[in-house]
Amino acid sequence: MRYRFFREHKYVSFMLTEFERQVAKTDFSSTVAVNALKEPLFALWELMKGHAAYEQEAIFSLLAKKGQTLHQEVEQDHLQHEKYFQEFMQGLENIIKEENKNNRIELGYIFYLSYRFFVADNLRHLHLEEALIMPALQKLYTDEELSKVEAHTYEHMSATQMVQMMEHLFPQMDINDKIFFLEDIKKTQPDKFKEAYKGIVYLLTDEEKATVNAYFSKTELALSC
1227 MRYRFFREHK
1237 YVSFMLTEFE
1247 RQVAKTDFSS
1257 TVAVNALKEP
1267 LFALWELMKG
1277 HAAYEQEAIF
1287 SLLAKKGQTL
1297 HQEVEQDHLQ
1307 HEKYFQEFMQ
1317 GLENIIKEEN
1327 KNNRIELGYI
1337 FYLSYRFFVA
1347 DNLRHLHLEE
1357 ALIMPALQKL
1367 YTDEELSKVE
1377 AHTYEHMSAT
1387 QMVQMMEHLF
1397 PQMDINDKIF
1407 FLEDIKKTQP
1417 DKFKEAYKGI
1427 VYLLTDEEKA
1437 TVNAYFSKTE
1447 LALSC
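Per this note's numbering, the very first residue in the sequence shown carries number 1227; after that it's consecutive.
Here is the structure:
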């Protein structure tokens, strides 16, 4: 199996969809309910900005170094996503300022439709990254070369930060994704791995723990914790 990026897309997609469900159930006639959307929306905005910045700096730059332009379309998507969130925040403010209850409900429905469209458009965006950009990177670089991208990231993370990262990601991932992250950390930051693994082992089912132990027992990275 080739080394691949973008596994965290499962988490990003989950978070965006969870907010869509929250919006779908919001009573937009209530300014209190509308105000309650602002904080999670801003958190999503920050998540998307950070995610986009990392992809462009750490991943898309690999294509640019090889003279490729495949990433330019998804970079434009990132710019459009920023505009989306600016409009969403303004949309909530407009709803709150609206004095007529029925108008607030109508504006809320328009907000829901706009956000739902963004979620759908983002799925297209994620597909482009995973189905087009990742295979292109695999043709241009070896697995060892690709793994250095994440290795650089882990070098600047503490064990506590690794735990926090996996606590966010793992609930939306299958066992193969989880093993990928654990193996990457153990290979690149063995001194931090033991503490990091102890911090997230509670997230694993008994079956997953057995699978992880069996996997690592067959490698030079056998678990010692």
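Backbone N, C-alpha and C fix where the C-beta goes; we use that ideal spot for every residue, glycine too. The structure presented is a predicted model; accordingly, all values stated were derived computationally and were not measured.
| Query | Result |
| --- | --- |
| Exposure label - M1388; buried when at least 16 CB within 10 Å | buried |
| Distance, K1323 Cα to H1378 Cα | 46 Å |
| Closest Cα partner of R1330 within the set D1369, L1318 and L1372 | L1318 |
| For L1296, three-class secondary structure by DSSP | coil |
| Extent of the continuous alpha helix (DSSP H) to which V1258 belongs | T1257 to N1261 |
| Beta-carbon proximity list for Y1367, same chain, < 7 Å, skipping 5 on both sides | L1288 |
| Bounding residues of the alpha helix (DSSP H) (the contiguous stretch that carries Y1380) | D1369 to E1381 |
| Spatial distance of R1247 from P1266 (CA atoms) | 12 Å |
| Short Cβ contact (8 Å threshold) for Q1302 with A1362 | no |
| Limits of the unbroken alpha helix (DSSP H) element including Q1282 | From DSSP, Q1282 is part of no alpha helix (DSSP H); its letter is neither H nor E. |
| Inter-residue CB distance, E1299 and L1352 (contact presumed, cutoff 8 Å) | The pair is not a contact, with the Cβ atoms about 13 Å apart (cut-off 8 Å). |
| Coil, strand or helix - N1326 by DSSP | coil |
| Contacts around E1272, its chain only, beta-carbon distance under 8 Å, and the 5 residues preceding and following it disregarded | none |
| Q1415 (DSSP reduced to helix, strand or coil) | coil |
| Opening and closing residue of the alpha helix (DSSP H) in which R1230 lies | Per DSSP, R1230 belongs to no alpha helix (DSSP H) and is neither H nor E. |
| Contact between the stretch 1413-1431 and the stretch 1252-1260 (3+ Cβ pairs under 8 Å) | no |
| Span separating the alpha-carbon of Q1390 from that of E1325 | 42 Å |
| Span of the alpha helix (DSSP H) around E1434 | D1432 to S1443 |
| Alpha-carbon to alpha-carbon, Y1237 and L1270 | 12 Å |
| Closest Cα partner of L1395 within the set Y1229, L1305 and R1233 | R1233 |
| Local Cβ density within 10 Å of L1333, reported as buried at 16 or more and exposed below that | buried |
| Selected residue, minimal CA-CA separation from L1408, among L1339, V1438 and E1381 | V1438 |
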